[in-house]
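In this note's numbering, the protein residues as written are 54 to 452.
Note that the Cβ used here is the ideal one computed from N, Cα and C, for glycine as well.
Nothing here was measured: the structure is a model prediction, and the numbers come from that model.
I have placed the structure first, in the form of structure tokens, so that the comments after it can refer back to it.
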Ligand SMILES: [Zn+2]
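Below is the structure:
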């Protein structure tokens, strides 16, 4: 971590992550103010790309935004840790719990934004995942079933107030009779509604889209182990052009064939998320958690229940790990895959980050090297300030 990120950086050089052209990017007042294309192309010049935007972060490196002891300092530390993995904007994700616990988590995140200006800049909103999801085994996933409930506007208003009006994205299941009216009210307030942790019928999925739902949360996960081959809620969400799709591309949550199909069908409406939990980025080993019980984190970043290697206990990879997996599996070009974790989520949320590498865009930038089998992060800039600089001579295994 760069101990002194206060001094604004005026100029950043590197190869354009899509075209390979050599750029000199000038930053002023937190924005990209000028881009010059240089004729020379020195050997071994690093790449430069827009900072990553992660729509689903439950935690990282020991910090869990759903833990009852979460502090504002934890949120600051989490933000700084994410910078070191190239994430410059993110949505802390509060999952199903008692109303009091949800409100406590939302208040803490809100206070952290008030206290730390760079945290405020980096938190692009809050993702509320639950409690209005399916209670069924499978779709409910790791969410505590006893707190799952039907969509309720007065509860949601309390959540919204606790968050300081920061809830930008809500994941719910349209299987509840109240869902369509609830979705309409969210959409009227500018909140993106995402379908997830659902056991809805195809008809209910279509009704949700008609009411304004625009996203699928980790499509293909948080679902039944066995489904009717067709119709079912996965085909229906794939087929609806109105729905963008979030996917977890860590190599464990979805097989490459499914990743490929979702990317083909959804194109520029495919969004990578980490869905990382508090153990992500931690040392491999055995752990006891407040949600999943006893779990094991393997050396290659798989988090599973102790004694059940086939039952995942959350995602333990950073967002850049998903990019790396898609590149290693040859499922897309660097430019396209990087956009799935930066420009495309910016477009969905209508953030200024949707402008990518262009004049007037936020100076949220990542400088990195691409080797045959990895991505080595060198520097991260948030609003033109260098907030991370790699101190290692050798590529970090986790980035
Ligand atoms: Zn989930």
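Could you tell me which of 378, 228 and 69 sits nearest to residue 189, measuring between CA atoms? For the purposes of this step, residue 189 is identified with residue 136 of the chain shown, where counting begins at 1. Cα-wise, what sits closest to residue 189 is 228.
Have a look at residue 353 and residue 337 and give me their C-alpha separation to the nearest angstrom. For the purposes of this step, residue 353 is taken as residue 300 along the chain shown, with counting starting at 1. For the purposes of this step, residue 337 is taken as residue 284 along the chain shown, with counting starting at 1. If I take the Cα positions, the gap works out to 8 Å.
Kindly indicate the opening and closing residues of the beta strand (DSSP E) around residue 357. As a working mapping, residue 357 is identified with position 304 in the chain shown. Membership of residue 357 in the beta strand (DSSP E) is indicated by the continuous run 356-358.
Residues in its own chain within less than 7 Å of residue 335 by CB, not counting five upstream and five downstream? Counted from its first residue, the chain shown places residue 335 at position 282. 114, 115 and 350.
Just list the alpha helix (DSSP H) runs in the region 151-184, keeping only unbroken ones of 4 residues or longer that don't cross its boundaries, in chain order. The qualifying runs are 152-168 and 170-175.
Can you name, in chain order, every residue of its own chain whose Cβ lies under 8 Å from the Cβ of residue 271, other than the five neighbours on each side? In the chain shown, residue 271 corresponds to position 218, counting from 1. Excluding its 5 nearest sequence neighbours in each direction, residue 271 has C-beta neighbours in its own chain below 8 Å: 109, 249, 299, 300, 301, 306, 326 and 328, listed in chain order.
Using 7 Å as the cut-off, classify the Cβ of residue 336 as near or not near the heavy atoms of ligand 1, replying yes or no. Against the chain shown, residue 336 aligns to sequence position 283. In this structure, residue 336 has its beta carbon at no less than 7 Å from each heavy atom of ligand 1.
Look at the alpha carbon of residue 220 and the alpha carbon of residue 169, and state the distance between them as a whole number of angstroms. Residue 220 sits at position 167 when you count from the first residue of the chain shown. Residue 169 sits at position 116 when you count from the first residue of the chain shown. Approximately 18 Å, taken between the alpha carbons.
DSSP three-state assignment for residue 441, whether helix, strand or coil: Within the chain shown, residue 441 is the residue found at index 388, counting from 1. Note: residue 441 maps to strand in three-state DSSP.
I'd like to know if the region 87-101 and the region 124-131 are in contact, where contact means that at least 3 CB-CB pairs between them fall below 8 Å. With fewer than three CB-CB distances shorter than 8 Å, the region 87-101 does not count as touching the region 124-131.
Residue 55 - DSSP class collapsed to helix/strand/coil: Numbered from 1 along the chain shown, position 2 holds the residue referred to as residue 55. For residue 55, the pLDDT reaches just 44, beneath the cut-off of 50, and the residue's location in the model is therefore unreliable, leaving the point undetermined.
Measuring only from the beta carbon, is residue 270 closer than 7 Å to any heavy atom that is part of ligand 1? Translated into the one-based positions of the chain shown, residue 270 becomes position 217. With a threshold of 7 Å, the Cβ atom of residue 270 counts as near ligand 1, since some heavy atom of the ligand is closer than that.
In the DSSP assignment, what are the bridge partners of residue 69? The residue given as residue 69 occupies position 16 in the chain shown. 101, per the DSSP bridge assignment.
Regarding residue 275 and ligand 1, is the C-beta to nearest heavy atom distance less than 7 Å? The count along the chain shown starts at 1 and reaches residue 275 at position 222. Shortest gap from the CB of residue 275 to any heavy atom of ligand 1: under 7 Å.
Taking the C-alpha atoms as reference points, what is the distance between residue 224 and residue 420? Position 171 of the chain shown, counting from 1, holds the residue named residue 224. Position 367 of the chain shown, counting from 1, holds the residue named residue 420. Taking the straight line joining both Cα atoms gives about 32 Å.
Taking all protein chains shown into account, decide if residue 124 is buried (16 or more other Cβ within 10 angstroms of its Cβ) or exposed. Here residue 124 corresponds to residue number 71 of the chain shown, with the count starting at 1. Its Cβ having fewer than 16 others within 10 Å, residue 124 is exposed.
Any contact of the region 312-325 with the region 390-399, i.e. 3+ C-beta pairs under 8 Å? Yes, the region 312-325 touches the region 390-399.
Can you tell me which of 222, 152, 150 and 117 puts its alpha carbon nearest to the alpha carbon of residue 456? Because the chain in this structure spans residues 54 to 452, residue 456 falls outside the shown range and cannot be described.
Buried or exposed (CB count within 10 angstroms, at least 16 for buried), residue 381: As a working mapping, residue 381 is identified with position 328 in the chain shown. Residue 381 comes out exposed.
Rounded to the nearest angstrom, how far is the Cβ of residue 411 from that of residue 78, given a contact under 8 Å? The sequence position of residue 411 within the chain shown is 358, counting from 1. The sequence position of residue 78 within the chain shown is 25, counting from 1. Your pair residue 411 and residue 78 does not check out as a contact, with CB atoms roughly 10 Å apart and the cut at 8 Å.
Please state whether DSSP places residue 363 in a helix, a strand or coil. What you label residue 363 is simply residue 310 of the chain shown in a count that begins at 1. Note: residue 363 maps to strand in three-state DSSP.
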